[in-house]
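Report on the following structure.
Residue numbers (full-length UniProt numbering): 1 to 566.
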């Protein structure tokens with residue numbers, strides 16, 4: 001429990017740091033524009049919405065600085081592999097997409113405040129041209145009509161169509177472009193669209209290029225203007241604002257001069273943009289490298305297995321790659337977990353037929369036909385990666401628990417293979433002493449290739465007298481009446497009727513309280529790594545269970561929860 005609490009506290013601490021910096025920047029900027037003498041006349045026209053607009057803009061710049069960092073995959077992978085990055089920090093790096101989403105919400109919130117505040121500002125600029133606004137606001141709005149005067153109010157006459165005039169300015173045009181790009185990016189990022197129309201999510205997310213370009217240009221419009229430093233020295237604003245009729249006549253009240261703020265957004269986003277450009281250059285370089293397809297296997301369960309080779313490709317167990325097939329799409333990259341072991345002279349992935357892109361890939365490889373195409377006739381593939389993930393830490397524990405649900409089983413193919421190779425190598429010193437593997441699936445026929453892998457491992461472990469090293473439990477959550485009858489008739493068989501394994505399949509869902517209680521009893525003083533890949537609902541249950549069964553005493557059993565995510 002102590003380690004779990006530490007990890008949770010670290011997550012909360014990082015969240016509070018991010019929130020604290022946002023609040024600090026907002027409050028500091030807000031007070032600056034509320035108190036600074038350079039904006040006294042601007043505040044007379046706009047009121048407190050000036051400070052709201054500028055404070056939200058600062059926070060918007062801050063979050064735009066952060067938004068690209070969590071999606072720099074090579075940077076995250078490098079930090080995960082760095083020796084200074086301990087287990088607790090690695091778990092925080094595994095939450096990079098969560099942080100990316102959180103920063104995106106911060107951008108959306110501050111953008112909304114900024115838009116609303118400036119909408120009010122435009123209306124107040126417009127109303128300052130009316131006679132009802134008062135003499136001081138009228139006088140300030142009238143500045144700039146003579147050649148030697150600088151203006152404060154961008155709305156030049158009361159008869160002006162404010163919407164039309166604003167939309168012809170740099171600030172107005174870029175503001176609309178930024179807003180539209182942000183709305184499209186945010187709305188297409190919902191889980192429903194990501195799962196049902198991944199291509200829509202992928203393409204609209206690349207509007208970030210338009211968003212950042214508009215953000216950098218936006219400040220050049222200099223919509224908000226303040227008194228210049230030289231004018232403040234000559235024009236006693238505290239006196240002159242109450243004696244505006246003396247302007248130009250009194251020595252201490254020459255006409256005030258105004259200028260817009262210089263653009264600052266580029267200063268915030270330049271470094272992360274350069275870093276991200278370097279990230280994309282690395283990805284492009286990998287795209288250009290040749291990928292040799294050495295073997296293609298089609299499984300009856302609608303799964304395409306690809307064996308590949310690539311010069312300089314070095315992987316770790318449990319890592320993943322991004323795959324592109326230019327003949328299917330010139331732009332789309334899709335993540336796939338590696339199912340081969342690092343000890344093998346090739347790397348492999350298993351692709352399940354789900355969605356338009358995989359369907360097009362199957363067609364390109366001739367997987368829907370009776371016979372596959374010859375290797376030399378296959379379409380070109382590009383590979384980006386490999387990238388680290390939570391499951392790569394499985395070998396750091398003496399006892400590891402691997403839990404897979406449905407398609408989440410794929411990361412553990414590489415892990416289990418690598419475990420086998422390490423066990424067979426007498427020169428390998430393996431800290432890992434025991435592995436528990438849980439597989440929850442609705443239809444095992446959809447993953448027959450993995451059942452074949454388990455059967456192979458089971459046989460090899462028995463030959464090496466290492467039956468106790470790997471303990472696995474398969475839970476079938478879906479079956480029909482005919483299957484139930486077949487299962488009942490063969491319940492006494494030595495081999496499982498569903499998988500063909502010695503270990504019998506369990507029917508229904510596992511009771512995690514019983515499972516973790518037994519694990520705690522079997523390893524009372526161990527640090528146990530729990531690795532999960534599957535749906536969010538089950539992830540939350542497992543995380544709570546790890547917390548519940550971790551000992552308060554640091555010398556007792558500790559469950560360290562790790563979730564696989566792309």
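Cβ coordinates follow ideal geometry from the N, Cα and C atoms, glycine included. This one's a predicted model, so the numbers in the text were calculated from it and none came from an experiment.
Pair within 9 Å by beta-carbon distance, residue i and residue j
i, j, result
"residue 391", "residue 419", "no"
"residue 564", "residue 389", "yes"
"residue 309", "residue 347", "yes"
"residue 517", "residue 561", "no"
"residue 460", "residue 340", "no"
"residue 533", "residue 411", "yes"
"residue 474", "residue 439", "yes"
"residue 153", "residue 198", "no"
"residue 403", "residue 223", "no"
"residue 229", "residue 66", "no"
"residue 350", "residue 336", "yes"
"residue 325", "residue 382", "yes"
"residue 293", "residue 375", "yes"
"residue 275", "residue 69", "yes"
"residue 535", "residue 408", "yes"
"residue 470", "residue 384", "no"
"residue 453", "residue 413", "yes"
"residue 519", "residue 528", "yes"
"residue 135", "residue 244", "yes"
Buried/exposed call for residue i, threshold 16 Cβ in 10 Å
i, result
"residue 227", "buried"
"residue 24", "exposed"
"residue 490", "Residue confidence for residue 490 is low, a pLDDT of 49 falling below 50, so the modelled location carries little weight and cannot support an answer."
"residue 114", "buried"
"residue 83", "Caution applies to residue 83, whose pLDDT of 47 falls short of 50 and renders its modelled position unreliable; the value that the coordinates give is listed next. Flag for residue 83 reads exposed."
"residue 281", "exposed"
"residue 553", "exposed"
"residue 256", "buried"
"residue 4", "With a pLDDT of 48 at residue 4, under the threshold of 50, the predicted position of this residue should be treated as unreliable, though the coordinate-derived value follows. Buried, because 16 or more other Cβ atoms sit within 10 Å of the Cβ of residue 4."
"residue 303", "buried"
"residue 129", "buried"
"residue 338", "buried"
"residue 196", "exposed"
"residue 509", "exposed"
For residue i, the nearest candidate out of the options (CA to CA)
i, options, result
"residue 530", "434, 450, 63 and 205", "434"
"residue 363", "104, 379, 207 and 263", "379"
"residue 450", "305, 369 and 311", "305"
"residue 62", "92, 96 and 19", "19"
"residue 103", "320, 194, 22 and 284", "22"
"residue 522", "425, 436, 148 and 231", "436"
"residue 52", "33, 64 and 37", "33"
"residue 183", "233, 105 and 192", "105"
"residue 343", "318, 284 and 47", "318"
"residue 94", "78, 109 and 220", "78"
"residue 259", "194, 321, 316 and 150", "150"
"residue 221", "171, 454, 506 and 234", "171"
"residue 267", "64, 559, 35 and 54", "64"
"residue 333", "284, 406, 556 and 231", "284"
"residue 423", "526, 457 and 108", "457"
"residue 311", "287, 320 and 302", "287"
"residue 100", "71, 110, 193 and 80", "71"
"residue 112", "54, 299 and 147", "54"
Those residues which DSSP pairs with residue i across a bridge
i, result
"residue 305", "297 and 350"
"residue 562", "531"
"residue 384", "322"
"residue 400", "435 and 529"
"residue 310", "291"
"residue 335", "322"
"residue 278", "Per DSSP, none; premise fails for residue 278."
"residue 227", "258"
"residue 405", "440"
"residue 99", "Answer is none; residue 99 lacks a bridge partner."
Any non-hydrogen atom of the ligand MG within 8 Å of residue i CB
i, result
"residue 17", "This structure lacks the ligand MG; in fact it carries no ligand of any kind."
Notebook entry, point to check: Between the stretch 8 to 24 and the stretch 114 to 129, do at least 3 Cβ pairs fall closer than 8 Å?
Noted result: Because the criterion of three Cβ pairs below 8 Å is not met, the stretch 8 to 24 and the stretch 114 to 129 do not touch.
Note to self: I'd like to know if the stretch 327 to 335 and the stretch 390 to 406 are in contact, where contact means that at least 3 CB-CB pairs between them fall below 8 Å.
What the structure shows: The stretch 327 to 335 is not in contact with the stretch 390 to 406.
Checklist line | Three or more C-beta pairs below 8 Å linking the stretch 142 to 151 and the stretch 161 to 172 | finding: Not touching, per the Cβ criterion.
Margin query: Under 8 Å, with one C-beta from each stretch per pair, do the stretch 208 to 223 and the stretch 177 to 184 reach the 3-pair mark?
Written below: Touching, yes.
Note to self: Does the stretch 194 to 209 come into contact with the stretch 230 to 241, if we say contact requires no fewer than three beta-carbon pairs (one atom in each stretch) closer than 8 Å?
What the structure shows: Output reads no: the stretch 230 to 241 does not touch the stretch 194 to 209.
Next item on the list: Answer yes if the stretch 425 to 432 comes into contact with the stretch 345 to 365, meaning at least three C-beta pairs across the two stretches below 8 Å, and no otherwise.
Entry: Look at the beta carbons and you see the stretch 345 to 365 not touching the stretch 425 to 432: under three pairs across the two are nearer than 8 Å.
Notebook entry, point to check: Would you call the stretch 55 to 63 and the stretch 23 to 38 in contact, with 3 or more CB pairs under 8 Å?
Noted result: Because the criterion of three Cβ pairs below 8 Å is met, the stretch 55 to 63 and the stretch 23 to 38 touch.
Notebook entry, point to check: So does the stretch 251 to 259 actually touch the stretch 214 to 221, counting three or more Cβ pairs closer than 8 Å?
Noted result: Result no; under three Cβ-Cβ pairs closer than 8 Å.
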